[in-house]
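There are 2 protein chains.
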Amino acid sequence: MARKKQYNEEEVIEKATALFWKNGYEATTVRMLEKEMGINQFSIYSSFGNKQGVFLESINAYKKRIRSITDKLSKSNNGKEGIKQYFYDFLEFAKEDDKNRGCLVTNTVNEIKEDGDPVIMEQLMDFANDIKQLFVDNLLQEKDNTIEEAARQSNYLMNSLLGLSVSSKVFDQSQLNDTIEFTFLNI
Amino acid sequence: MARKKQYNEEEVIEKATALFWKNGYEATTVRMLEKEMGINQFSIYSSFGNKQGVFLESINAYKKRIRSITDKLSKSNNGKEGIKQYFYDFLEFAKEDDKNRGCLVTNTVNEIKEDGDPVIMEQLMDFANDIKQLFVDNLLQEKDNTIEEAARQSNYLMNSLLGLSVSSKVFDQSQLNDTIEFTFLNI
DNA sequence: ACTAAAACTAAGCGTTTGCTTAGAAATAAA
DNA sequence: TTTATTTCTAAGCAAACGCTTAGTTTTAGT
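If you read the protein sequences in the order shown, they are chains A and B.
Everything in the first sequence is counted per the working numbering, starting at 82 for the first residue and increasing by one.
Everything in the second sequence is counted per the working numbering, starting at 82 for the first residue and increasing by one.
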């Protein structure tokens with residue numbers, strides 16, 4: 082009846098994700114996507130609607146990939162030690178060759194700001210809140226920790242993780258290790 | 082002999098700074114600058130060469146403005162307590178109406194990445210290192226603190242400050258206060 | 001083999017980007 | 001007042017942007 086697609090949508094989105102991760106949303110042009118994904122602009126628009134559609138699918142692909150370490154955290158039951166391990170896992174996850182790309186979601190929050198596309202913004206907020214909730218869950222595994230205290234600590238830890246997403250692009254591994262160790266000293 | 086300039090270069094750069102601070106470098110177009118600065122594109126290019134020239138002058142204007150709080154830190158002599166005050170001062174400094182714009186320099190580092198313009202990148206790195214050095218100086222005011230320990234602590238504090246630059250755009254004041262208080266418990 | 005539907009290629013659409021330029025308006029020395 | 005010099009306005013440049021479309025190729029049911 083009709084011709085077959087010569088590409089796999091999941092595969093080309095993986096490649097788009099890498100581009101967005103490296104360059105950000107605005108700086109990634111449709112011509113770059115065309116080249117990296119290995120398919121024509123027509124195919125891009127026919128499969129994903131528009132550039133934003135490609136990006137939203139890339140965010141989904143990113144979430145799926147990072148689930149390997151968030152799952153590890155949600156299964157962890159040794160309190161703050163599990164979160165600390167998540168910090169180290171995240172640094173490894175975001176590493177590409179010897180460079181660190183930070184977190185795709187954090188990068189995007191930084192880029193598109195408050196007047197950015199509301200659909201994308203909501204996606205990003207949900208993602209951050211999910212991780213923060215994982216922190217709270219793990220912090221409550223520590224004995225004598227109240228919900229209020231865990232909430233405060235999770236704010237502190239999220240701040241540190243956001244900082245790490247930025248720092249990892251600029252500072253070297255030993256500086257990052259120091260940062261993580263200090264972060265978990267007194268909670 | 083010749084016609085007089087109808088604008089003051091410092092004044093129009095102040096307005097350009099506000100625009101870059103709010104929107105970032107790439108998202109700020111020359112047409113937007115034209116409108117905000119209140120002068121024609123010809124005047125912009127004749128005074129500052131190109132868009133990057135306007136931005137570099139804006140970075141200088143930003144540095145001059147933030148000097149009010151960095152000066153306070155460099156004059157401070159009560160160790161980590163002075164740095165903590167700097168964190169609160171920074172949040173106040175970056176506030177615009179009820180929104181927080183973060184740090185112009187941090188925003189730009191996040192935006193232009195490693196393959197960005199080397200001239201801009203160097204400016205940004207110098208700025209970050211200057212602040213980090215101020216942290217070290219103040220940390221050495223604490224008794225029994227070694228240079229190595231102060232260096233490690235300054236990495237941790239810079240990470241927290243970078244995180245705060247991001248967090249302040251998303252979280253509310255009480256969450257930020259909790260974060261700062263927790264940050265200084267550890268050192 | 002024929003045909004209809006989907007997927008391909010490649011050219012090109014209108015808009016916006018950073019930047020330039022032709023020409024008018026203003027200024028101060030002569 | 002004339003003249004030389006600079007600043008102004010406004011139109012326009014090539015290139016790059018996101019996106020579309022005309023026309024060809026491939027496929028599977030008849």
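Where a beta carbon is used, it is the ideal one built from N, C-alpha and C, also for glycine.
For clarity, every value in this text was computed on a predicted model and none was experimentally measured.
- Residue pairing by DSSP puts Asn-181(B) in a beta bridge opposite Lys-176(B).
- Closer than 7 Å at the C-beta level to chain A, one finds no residue of the region 206-226 of chain B.
- Between the region 213-222 of chain A and the region 215-229 of chain B, the count of Cβ pairs shorter than 8 Å is below three; the stretches do not touch.
- The Cβ atoms of Ala-142(A) and Glu-117(A) lie no closer than 8 Å to each other.
- The beta carbon of Ser-155(A) does not come within 8 Å of any beta carbon belonging to chain B, so the residue lies off that interface.
- Collapsing the DSSP output to three states places Asp-225(A) in coil.
- DSSP, read as helix, strand or coil, puts Asp-253(B) in coil.
- With contacts defined as CB atoms closer than 8 Å, Ser-139(A) and Tyr-88(A) fail to qualify as a contacting pair.
- Non-local C-beta neighbours of Gln-204(A) in its own chain, meaning closer than 6 Å and more than five positions away in sequence, comprise Ile-140, ordered along the chain.
- Distance from the Cα of Tyr-126(B) is smallest, within the candidate group Glu-90(B), Lys-161(B) and Asn-210(B), for Glu-90(B).
- Taking the beta carbon of Asp-179(B) as reference, no residue of chain A falls within 8 Å; the closest one sits roughly 11 Å away.
- Taken through DSSP and simplified to helix, strand or coil, Ile-268(B) comes out as coil.
- None of the residues of the region 127-143 of chain B has a beta carbon lying less than 7 Å from any beta carbon of chain A.
- Less than 8 Å separates the beta-carbon of Leu-257(B) from that of Leu-172(B).
- The Cβ atoms of Thr-189(B) and Ile-201(B) lie closer than 8 Å to each other.
- Between Leu-243(B) and chain A, the shortest Cβ-Cβ separation is below 8 Å.
- Taking every protein chain shown into account, the CB of Arg-233(B) has 16 or more other CB atoms within 10 angstroms, so this residue is buried.
- Using a CB distance cut-off of 8 Å, Glu-95(B) does not count as an interface residue toward chain A.
- Residues of chain A whose Cβ lies closer than 9 Å to the Cβ of Arg-233(B) are, in chain order, Gln-256, Asp-259, Thr-260, Glu-262 and Phe-263.
- Annotation: the continuous alpha helix (DSSP H) that includes Ile-147(B) extends over 132-156.
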